[in-house]
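Everything below concerns the one structure shown next.
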RNA sequence: GGGCGUAUAGCUCAGUGGUAGAGCACUGUAUUGACAUUGCAGGGGUCGGAAGUUCAACUCUUCCUACGCCCA
């Protein structure tokens, strides 16, 4: 197949992805192969591909393609998450656009609507992952609301309940008044916002006064509205100011509630007046203080409803005018906060804040301005309200023990290691995990209540009924009602109509489980658990998990807990955490800032291969990635380079190789490139073993561009030059080796750039299999060390000649002659010296590598010795020099390679000064180096105490630089 | 307040107890067959600051400064 002259990523991407997916390339049958398994972090089913997904999935695809090429039974489990709140929000928003509402539907009907939405629009992100080239096993695509997944969730819940690891409790939760559901502490984000600090007088009851004679206690608060539910005032037990009033009471303004003054260490004597108001039903700290003061959770006053509007407290003391107000100002309408402050001010209970203006005048304000750490819901975006409700909690502390141990003893390796400390810090201070959510979309909690407050937790309704039957006795009839809770009256009938004590009605808990409760089961529920299967046996534990560090606690840690709980094992031995992709200026990408980079746009512009390579090359462990489009463009150029190199190969009859093993080679260039393939492969393997994506990407990049394209292809050009015999050994061997080397590049590059490599793989010839299931390089070739060294020398000499010409302003195309500097200013060199040997090797090399030197270094003739013979590099013909006398005195420039100097006579005008300055510069460098090395070597401490290798190296370097100094000085002397 | 991380070329980033590299950008130069999405060559860094350990510190330790993230 002939390649187009231009490389067009879009066309080949679509074609190859379809081909791979249709032919089962992502999951070849390899029953006997060693398994390698990863599961993807399931993106929200509502999601679309953002740059973070692109990074996360590129890294996973690189690993899975690499392992597949290495012959493993590579399985990449893929699927999406039902994302409770997010998905319900999306569907509700759509309803609102049609002037419809969730409340117009029964629960079942609404859930049906969500499923409809899922089937129509839920596949966006999975198609986008395909565009990125991700080789997931789509044939087993998973969804966290799949039937088998629900089974896994129910079993886990019931088991945890039976093991006392899940329980129902009344305590403060983080309540999102916009979404009207509880959320876990992880879903709360603290933000610092500008707020106020108000100071109030709480009058002491019973004519009590402080020692100072003051008849009130001053308290301060950032949330004045909560005073409607205050239940105490706390002071520090050691605070002398208040010692006499502990146990006494204050009468709350507005409500007139009589509340005690309690001693508690929570009160900070240094802060404000040292006394704090205590609202146990609406503040986490106050809740604890309240409990210590003997107030049971059930008795704590609640003054807000689910919308965070004021409701009447249990003691009925909130004045009617406050009931129904929102907690604080919203949409320009004053709320309870403003009303409470206004009322306290009117009644004389507000202590104004005195501020000084710049002029020094005193000004009164209602409150002191202050920065306040405020909790916000990560989904709803409104201020979170601590609210007293019954919720289900998972005993995370117990479940965390084994994961902590796993990381501690190395059963799980976290890469980069620096995250371990953060992990331990969180896991060792973990709070009960609130898992119930007041939503309709999600896994409904498998708990059935009766009106007596009994709860029956079971995997099915039938089992729940059986439990209830057993509990209440056979004489009682059990019925189940759906959807809503029931009142005693509904249950027993109206008293006037007589009670039916023989009927027990069960209703199922209306709440659903936190989405993360189900995704915590991902590593095994996706493989069929709780059913036993070969698939599960073979692929659990997985081999690796790759995720962003932002979900370390949300997801990774919880998978560890559930893996240990359900499977008795860590879900994977290795956890790789990558950073965030940031905007070019280092800012976090966000829709509100408008600095979001769309990965699909980058794919359109530069190709998926280029984007993927960028992600890999930038992924050094533990650092965020800053977006850099220029760099993506650079990797597009790299793809183009490879494309063109392949075109060159094709034009010279270089096609697909037939062996995995390196062909046997005699020519130096061929041996050299085989050695370089081995080196590159070893480098990539080492990098991949450590998950150093950047190092692996750079290794294949450098090898392909700087070795294969820049040198090897140039070196072999003479073999195919016009007039050479295409059937002779050099051409035959070179075609074979070049085809093999290019194939190895395609294989090694494939995990990073799957599309272009697959395209070129097939363009190079008819293949027995696609590249996606090809075999990783295994060169197993013995290389002639001298042959490879020949090429290293040639590269050094050629580079020296080019540099010298460039600096002297000699046009690059100018053909020059070259000879070896045999002696130094007339000093004879002994024939058997090291130097003499080198010179003789150099002479041989000119003979062997003539055509390449002619072409690459633009050298015409080589003079093996002063004025005896001329060796024509291009043809290899030697002729006798007739008159040698004029050679020595000619203007010349000097270059060196491997410590041997070469002179290049120059016809016509040469800029002697330019050459002198060039040599002087080199001389200075070598002198400086030599001096420094000499200093070190003359230090007895160094020679005695440094590592022997370091000393040897220093000696070698010193010898080299000293020789250079001599050579350069001689060359300068010759120039006069 | 506690914890973690970062500071290296103009920019984005690698790196190692033995005197620093890549990509991009920049400068010069080259165009009749792989490639200008290119070739060849070049300039550019007292490795954030200070002290210590060491024969030797960009690298290890401590402190400081700046920035970022997480937790309270």
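In UniProt numbering, the protein residues as written are 1 to 976.
No residue lacks a Cβ here, since even glycine has one placed at the ideal position from N, Cα and C.
Quiz item: Ends of the alpha helix (DSSP H) at residue 115?
Solution: 107-121
Quiz item: Looking only at C-alpha atoms, which of 84, 197, 38 sits nearest to residue 136?
Solution: 38
Quiz item: Considering only residues of the same chain and omitting the five flanking positions on each side of residue 244, which have a CB-CB separation below 6 Å?
Solution: 211
Quiz item: By DSSP, does residue 791 sit in helix, in strand, or in coil?
Solution: helix
Quiz item: Under the rule that 16 or more other beta-carbon atoms within 10 Å means buried, what is residue 2, buried or exposed?
Solution: exposed
Quiz item: Buried or exposed: which applies to residue 817, given that a residue is buried once 16 or more other Cβ atoms fall within 10 Å of its Cβ?
Solution: buried
Self-check item: Between the CA atoms of residue 341 and residue 224 - distance to the nearest angstrom
Solution: 7 Å
Exercise. Just the C-alpha distance for residue 538 and residue 32, rounded to the nearest angstrom, thanks.
Key: 11 Å
Self-check item: Neighbourhood of residue 719 by C-beta distance below 7 Å, restricted to the same chain and skipping five residues each side
Solution: 730, 731, 734
Exercise. With a cut-off of 8 Å on the beta carbons, I'd call residue 434 and residue 371 a contact; round off their distance for me.
Key: In fact, because the Cβ distance is near 28 Å, the residues do not count as touching under 8 Å.
Exercise. Would you check if the region 175-193 and the region 430-446 touch, i.e. whether three or more CB-CB distances between them fall below 8 Å?
Key: yes
Quiz prompt | For residue 941, the first and last residue of its enclosing alpha helix (DSSP H) | solution = 940-945
Quiz item: If you pair each beta-carbon of the region 336-352 with each one of the region 133-149, do three or more pairs fall below 8 Å?
Solution: no
Practice problem: List the residues that DSSP assigns as beta-bridge partners of residue 878. | Solution: 871
Quiz prompt | Rounded straight-line distance, which links the Cα of residue 801 to that of residue 974 | solution = 19 Å
Quiz prompt | residue 519 burial status per 10 Å Cβ neighbour count (16 or more: buried) | solution = buried
Practice problem: On a CA-only basis, which of 622, 633, 590, 596 is nearest residue 605? Give me that one, please. | Solution: 633
Quiz prompt | Which residues DSSP lists as bridging residue 993, in chain order | solution = Nothing in the structure corresponds to residue 993, since the chain is present only between 1 and 976.
Exercise. Indicate whether the contact test is met: 3 or more Cβ pairs, each with one atom in the region 275-291 and one in the region 213-228, closer than 8 Å.
Key: yes
Quiz prompt | Spatial distance of residue 222 from residue 616 (CA atoms) | solution = 48 Å
Quiz item: Just curious, the beta strand (DSSP E) that residue 258 is in, first and last residue?
Solution: 258-263
Quiz prompt | Simplified DSSP state of residue 311, which is helix, strand or coil | solution = coil
Quiz item: Can you list, in chain order, the residues of its chain whose CB lies under 7 Å from that of residue 203, leaving out five sequence neighbours each side?
Solution: 215, 216, 250, 251
Quiz item: Who are the near neighbours of residue 825 in its chain, counting only those whose CB is closer than 8 Å to its CB and skipping five residues on each side?
Solution: For residue 825, the predicted structure reports a pLDDT of 41, less than 50, and the residue's modelled location is therefore unreliable. A value from the coordinates is still provided. The answer, listed in chain order, is 970, 973, 974.
Practice problem: Could you give the DSSP three-state label for residue 173: helix, strand or coil? | Solution: strand
Quiz item: Less than 8 Å separating the beta-carbons of residue 759 and residue 918?
Solution: no
Exercise. Report buried or exposed for residue 658, applying the criterion of at least 16 other Cβ atoms within 10 angstroms of its Cβ.
Key: exposed
Quiz item: Roughly how many angstroms separate the alpha carbons of residue 697 and residue 790, rounded to a whole number?
Solution: 28 Å
Quiz item: Do the CB positions of residue 562 and residue 527 come within less than 8 Å of each other?
Solution: no
Practice problem: Enumerate, from N- to C-terminal direction, the unbroken beta strand (DSSP E) stretches of 3 or more residues contained entirely within the region 392-446. | Solution: 413-415
Quiz item: Between residue 93 and residue 114, what straight-line distance do the alpha-carbon atoms span, to the nearest angstrom?
Solution: 12 Å
Quiz item: If you draw a straight line from the alpha carbon of residue 827 to that of residue 962, how long is it in whole angstroms?
Solution: Low local confidence applies: a pLDDT of 48 at residue 827 is under 50, so the model's placement there is unreliable, with the coordinate-based value given in what follows. One C-alpha to the other measures close to 17 Å.
Quiz item: Given a threshold of 16 other Cβ atoms within 10 Å of its Cβ, counted over all protein chains shown, does residue 119 qualify as buried or as exposed?
Solution: exposed
Exercise. Report the option in 574, 386, 472, 209 whose CA atom is closest to the CA atom of residue 284.
Key: 386
Exercise. Measure the CB-CB distance between residue 166 and residue 172 and report whether it falls below 8 Å.
Key: no
Quiz item: Would you call the region 19-36 and the region 100-112 touching, i.e. three or more CB-CB distances under 8 Å?
Solution: no
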